[in-house]
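In what follows, a structure is listed as structure tokens, so that the remarks can point back to it.
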Amino acid sequence: MNETQQILDGLINDFSTDQLCRFFREKSRKFVKQKENYSQYNDDYFKAGIKLGEIKFSDTESLLVCSFVVKGELSERAGKRAQYEKAKSILKSTKNQIHAAGIFIFSDQGGNFRFSLVYPESTGTQRQWNNFRRFTYFVSREFTNKTFLKQIGGGDFDRLDNIKAAFSITAVTDLFYNEFFKIYDKTVKETQKINKISNPEMVRDFILLFCIRTIFIGFIQKRRWLGDNERFIQHFWGEYQKQSFGKNRFYARWLTPLFFEALNSPQGRKVSYGNNDFSKETELNLQMAPYLNGGLFKIKRGYDDNDWIIPDKEIKEFFDFLFAHSFTIEENSLEDEDLQLNPEFLGIIFERLVNKADGAVYTPRTEVDLMCRLSLVKWLQKNLENPIRTENLYELFFKESAQEDDQKVGSFSRKEAQEILTKLENLAICDLAVGSGAFLVGMMQVLDDVEQSLKHRYGLNGKDLFERKKQIIKDSLYGVEVKEWAVWICQLRLWLSLFVDAPDELKNSLEPILPSLDFKVRQGDSLVQRVGSKAFPVSGHNMGLSKALKDKITKLKSLKLQYFDNKSDLNDWELRQRELAIYKEILDTEISDKIIELRNLKNIKPAKTLSLFGERDGGAQVELELNKDKIAILEREMSDLEEQKNALHKDKPLVWSIEFADVFGEKDGFDIIIGNPPYVRQEDIADPTGRVKDKKEYKNYLQEMVKIDFPNDFPPKLKINAQSDLYTYFYIRGLRLLNPSGIHTFICSNSWLDVAYGVWLQDFLLKRCQIELIIDNHAKRSFGAADVNTIISIIHAPQKKIDDNGLIKFVAFKKPFEESVFTENLRSIENAQNVTSNDVFRVYPIATNDLRESGTEFTNEDQKNLGGKYVGDKWGGKYLRAPNIFFTVLEKGKNKYKRLVDIAEVSRGFTTGINEFFYLLDAQAKEWKIEEAFLRPVIKSPRECKSILVNPDNLKYKVFVCNKSKKDLKGTNALKYIEWGEKQKTKDGVFWKDVPSVSGRKYWWSLSVGYGNTFWTKEVNDRLAVYLTEKQVLADCRLYYGTYNEQVRFFLNSTIYSLLSETMTRSGLGLGARSLMVYEVNSSLCIPLDANVINKAAFESLLTRENKSIFVECGINPKLATPIEAQEPKPLPDRAALDKIVFDMLGLGVEERKDVYRAVCRLVWNRLSKAESV
2 MNETQQILDG LINDFSTDQL CRFFREKSRK FVKQKENYSQ YNDDYFKAGI
52 KLGEIKFSDT ESLLVCSFVV KGELSERAGK RAQYEKAKSI LKSTKNQIHA
102 AGIFIFSDQG GNFRFSLVYP ESTGTQRQWN NFRRFTYFVS REFTNKTFLK
152 QIGGGDFDRL DNIKAAFSIT AVTDLFYNEF FKIYDKTVKE TQKINKISNP
202 EMVRDFILLF CIRTIFIGFI QKRRWLGDNE RFIQHFWGEY QKQSFGKNRF
252 YARWLTPLFF EALNSPQGRK VSYGNNDFSK ETELNLQMAP YLNGGLFKIK
302 RGYDDNDWII PDKEIKEFFD FLFAHSFTIE ENSLEDEDLQ LNPEFLGIIF
352 ERLVNKADGA VYTPRTEVDL MCRLSLVKWL QKNLENPIRT ENLYELFFKE
402 SAQEDDQKVG SFSRKEAQEI LTKLENLAIC DLAVGSGAFL VGMMQVLDDV
452 EQSLKHRYGL NGKDLFERKK QIIKDSLYGV EVKEWAVWIC QLRLWLSLFV
502 DAPDELKNSL EPILPSLDFK VRQGDSLVQR VGSKAFPVSG HNMGLSKALK
552 DKITKLKSLK LQYFDNKSDL NDWELRQREL AIYKEILDTE ISDKIIELRN
602 LKNIKPAKTL SLFGERDGGA QVELELNKDK IAILEREMSD LEEQKNALHK
652 DKPLVWSIEF ADVFGEKDGF DIIIGNPPYV RQEDIADPTG RVKDKKEYKN
702 YLQEMVKIDF PNDFPPKLKI NAQSDLYTYF YIRGLRLLNP SGIHTFICSN
752 SWLDVAYGVW LQDFLLKRCQ IELIIDNHAK RSFGAADVNT IISIIHAPQK
802 KIDDNGLIKF VAFKKPFEES VFTENLRSIE NAQNVTSNDV FRVYPIATND
852 LRESGTEFTN EDQKNLGGKY VGDKWGGKYL RAPNIFFTVL EKGKNKYKRL
902 VDIAEVSRGF TTGINEFFYL LDAQAKEWKI EEAFLRPVIK SPRECKSILV
952 NPDNLKYKVF VCNKSKKDLK GTNALKYIEW GEKQKTKDGV FWKDVPSVSG
1002 RKYWWSLSVG YGNTFWTKEV NDRLAVYLTE KQVLADCRLY YGTYNEQVRF
1052 FLNSTIYSLL SETMTRSGLG LGARSLMVYE VNSSLCIPLD ANVINKAAFE
1102 SLLTRENKSI FVECGINPKL ATPIEAQEPK PLPDRAALDK IVFDMLGLGV
1152 EERKDVYRAV CRLVWNRLSK AESV
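Using this note's numbering, you'd call the opening residue of the sequence shown number 2 and step up by one each time.
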């Protein structure tokens, strides 16, 4: 423990303002103690107001430190809002507006205190003293305060950014998660060991249930609903420890009665607790425990009925860890975050568990809120029967940047307000990869916020907050997750969000308090559904099911709604059996189809029937000769179907139209699909359920899904790019699940906007769906946990024909969403008909037809009338990232540009398969005396390229290139080297010659290589050179190579080429690097320079000096207070000389030339700084 942590520890044990001042002096050399009486801010709730001092970071930036004593107890809920308002009022006062932020400490007589950082978000370039944010630690002697001590006690407070980092929710969740996962993992292993369980996954799920239930109890006791005691479970555990610790009975004999009897039966009912020696007080507390129900405390088959035990030692470790943290029973909001255990905090933690398994990433609350609100505005725009001015909808759903007490909230008549409410109350919203439920909770909060605002303003009757939230979940929210344990996490998140707002009197309810969510959040694969041997269409049953089967589905829907309210006579198992019966009937239908087909082969004429999947056994029956092979195949298929039917209880697929019968029966699909699909690259795509073992087979099923969902757009013979990442399939399935008036909103990787595998998705959208918005944020990445840059897309449901003139708006925000998503900005974007740009955003509107044409290739003029072939376009590069000067440069060089591939092809460098064998240092080559004929200079790493012109003699490695047989090599040192290599092994014990990457070659030591004189690095940071050699050399797979003349090679090192490349290639890597693919280099634009203007000797300095950062090359400093766009470029002289040749050829004016330098620096700086923004 360092000195500041020791001071904090002393402060926790004996709170005083003197100790606080000592702490701040130790934390920052820039802290100036200025004790000032702030009694003018004392009131009925606060006393002893005092300014302790300031931290002066610079002449223009400082932080205020204040302390207050609260009158009464500092309970987490009571007075918390008043403390926030007090802090804001002090910072907004004229005297204190010199401060960029404040740390406010509110303490009570018991020594507990809140330690809060409060600051205003900037709007534009100025602080407006509104839209504040607060981050708070609650500190008490009752807890270990480990996170507070580590975060606030570590580091220094000499910069405001350092202080914000100390209050970072991400850092806090990282600390909690890392310790939680160690304990969780250890508990799993010890539980598996003591119970001798062979299936580790079952144990992981079992322990996760234990953790989830225990955490929920932490929230229950925080409200004093268990024995009127905030530390009930600790006392419960303490009572057991005194009697039986070490006998490993606590889970089975104490927790099991608490979970499945006390919390799952009406209050006051005497229940059986076995032969436990509970004290009278404990027995009474259990008897009077709240009747929660809801599914969390019901026995789950396969987990809670195995008589498994959890060792006492592991329970103690988990309890010691968990209850060392303080719980709060309030949801975090966008502007107010508690850095302790609250529902959202736990959502983030548990989403991390999902991440490890399925590539999911927790979506930040800011993005969730933005997506929910935009989705609802767009849905209302197209579905209100009496259109309402869009500006009123934006004012209703979004805040303005104006003062908090001067907000517009939309102007509506009472009739309009009632119509909005009716529409919102009947929405059906689904997340296909629900994770911990961030989007469902986000939608619930936004819907409640808006509905309550309207009802309050227009005097319309409303329920209490608990009942409102419960109704929204029941009527509007749906989700799917592939793992059962992930479903539990989402359910926990929804239950917690409900529980924190449950009226206190509900603790005595004789009816279950929490709804049952088993049929709201379903387990299954959202993408692939197969029943028997066929893929099942989203709503295919409507084309062929019997009326009796449809009636069963309708009845099932009614039973599920009753189950939600805990009013069904059937339990979840019985309802699932009814679902299984429907699935079995589906399989029976397919078996019947096979029987009919058999009869046909045997010349029996059955009546025409319509199959379940909409296939008609049409045509006149024809006399057929017996075909033994076909009969054998059909009988084998029937046998398989019978076997699958018998195995349904463990392999039941998710079938959308049955699992969500209410939605598809009444609405023909969801109104809104929203979410953040998993980040899984094509090479890692596999069946998440584990049923399909072969990755290739599962990817074939994904492609089959696309063709079944949209058969007219994706005929059977059409090839879908096999390199497509998983999220592209989520786009297709999400769009198919919408009803015709629906809205689709995703946040996902931006790669599909620019890469080859995104072409088929672009093509489909341009033909069938009106794209409303594609939103990027240049200032801040959404995800720190995933190395990916993202966009938000809002797309309308597929139509047979869309408006070719409909505008697609590409929006690039230049500031974080927290500082830019305000009503006035969104209205400006909505109204934009032409490219509009300001300090906050740029919007690029383009007609659907124009966007399609820009990516369409025509072999000749006549083909333009026939439509041509869509080959894709760089949507992200051209419309989100491209600066205005980019379009000027394109226009002025319109008839001069050539694609590199049309001059000469660029190829990927080679992969050796065994670097240890093929790459040799000079010393190794000399040691083996390998003949020069078999050694070639090679650029192995981009790090070897210090200057534009690379001298092969200075390269570190030679590559062994030999395609001769051993017979031909007889008597050479090369043969000796090969024979030595055959005796070597990898770390895994595999002989080099047997490594799969080389064993398939004619000779394992042979290498297929290509030579070049021009080289691109696969990943680009801030050095944008294209590297050159005087003679032909080889390149490793981390580079691309080609062979070009001087006219081309000089252009490739001009700043114009850097601008074109930076704009036209993808920026999908979240770490800041620009990732190049070989096809992107081949497609890049080039203007071969006039040989007469190239004086190679004049450019010797440019070619041979150290290659600098693009900022140095262009003479721009992105770190200055002066924006890049306002700086005067001062390019290095030799760079300026080369660029002048290109600028003159394009006919660029003086300011346009400066804009080229500014633009390329801005593009690179945005890319790099965005990577550091989370």
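We put the beta carbon where it would ideally sit given N, CA and C, even for glycine.
A direct Cα-to-Cα measurement between residue 1002 and residue 676 gives close to 46 Å. Per the C-alpha coordinates, the member of 331, 1165 and 383 positioned closest to residue 496 is 331. With a 10 Å radius around the Cβ and a threshold of 16 neighbouring Cβ atoms, residue 309 comes out buried.
Sequence-distant partners of residue 55 (beyond 5 residues in either direction) whose C-beta falls short of 8 Å from its own C-beta, in its chain, are 32, 33, 35, 63, 64, 65, 66 and 100. The C-beta distance from residue 726 to residue 742 rounds to 29 Å, too long to meet the 8 Å contact threshold. DSSP places residue 671 in the strand class (E or B) of the three-state scheme.
Here DSSP, grouped into helix, strand and coil, assigns residue 135 to strand. Under the three-state reduction of DSSP, residue 1052 is assigned to helix.
Using a Cβ-Cβ distance cut-off of 8 Å, the stretch 198-214 and the stretch 385-396 are not in contact, since fewer than three pairs of beta carbons, one from each stretch, lie closer than that value. Less than 7 Å separates the beta-carbon of residue 814 from that of residue 821.
Distance between residue 883 and residue 479, taken at the CA atoms: about 38 Å. In the DSSP assignment, the residues bridged to residue 328 are 342.
Put simply, the backbone Cα of residue 153 is about 55 Å away from that of residue 579. For residue 764, same chain residues with a beta-carbon under 7 Å away, outside a window of 5 residues either side, are 871 in chain order. Secondary structure note for residue 459: it is in no beta strand (DSSP E), with a DSSP letter that is neither H nor E. Judged by pairs of C-beta atoms under 8 Å, the stretch 1120-1136 touches the stretch 1084-1104, as three or more such pairs exist. As the crow flies, the alpha-carbon of residue 341 is around 14 Å from that of residue 118. Listed as beta-bridge partners of residue 107 by DSSP are 69 and 115. Membership of residue 1017 in the beta strand (DSSP E) is indicated by the continuous run 1013-1018. Contact annotation, residue 560 with residue 576: C-beta distance approximately 6 Å; criterion of less than 8 Å satisfied. Rounded to the nearest whole angstrom, the CA to CA distance from residue 205 to residue 325 is 23 Å.
Here the alpha carbons of residue 463 and residue 456 stand approximately 7 Å from one another. Setting aside the 5 residues that flank it on each side, residue 113 is surrounded in the same chain by 75 and 141, each with a C-beta closer than 6 Å to its C-beta; the list follows chain order.
Residue 721 sits in coil when the DSSP states are folded into three classes, being neither helix nor strand. Nearest C-alpha to residue 734 among 693, 168, 673 and 695: 673.
For residue 32, the enclosing beta strand (DSSP E) has its first and last residue at 32-38.
Residue 368 is positioned such that its CB atom lies no closer than 7 Å to that of residue 824. Remark: C-beta atoms of residue 656 and residue 731 do not approach each other more closely than 7 Å. If you compare the alpha carbons of 182, 494, 826 and 263 with that of residue 348, the shortest gap goes to 494. Ranking 1000, 409 and 1052 by CA distance to the CA of residue 901 puts 1052 first. For the pair of segments examined, the stretch 434-446 was found not to touch the stretch 408-416: the number of CB pairs separated by less than 8 Å stays below three. If you look at residue 236, you'll find it in the alpha helix (DSSP H) that goes 233-245.
Under the three-state reduction of DSSP, residue 531 is assigned to strand. The Cβ atoms of residue 1041 and residue 951 lie no closer than 7 Å to each other. Between residue 1086 and residue 898, the C-beta spacing is below 7 Å. Selection 1033, 1024, 259 and 89 evaluated against residue 1063 yields 1024 as nearest (Cα-Cα).
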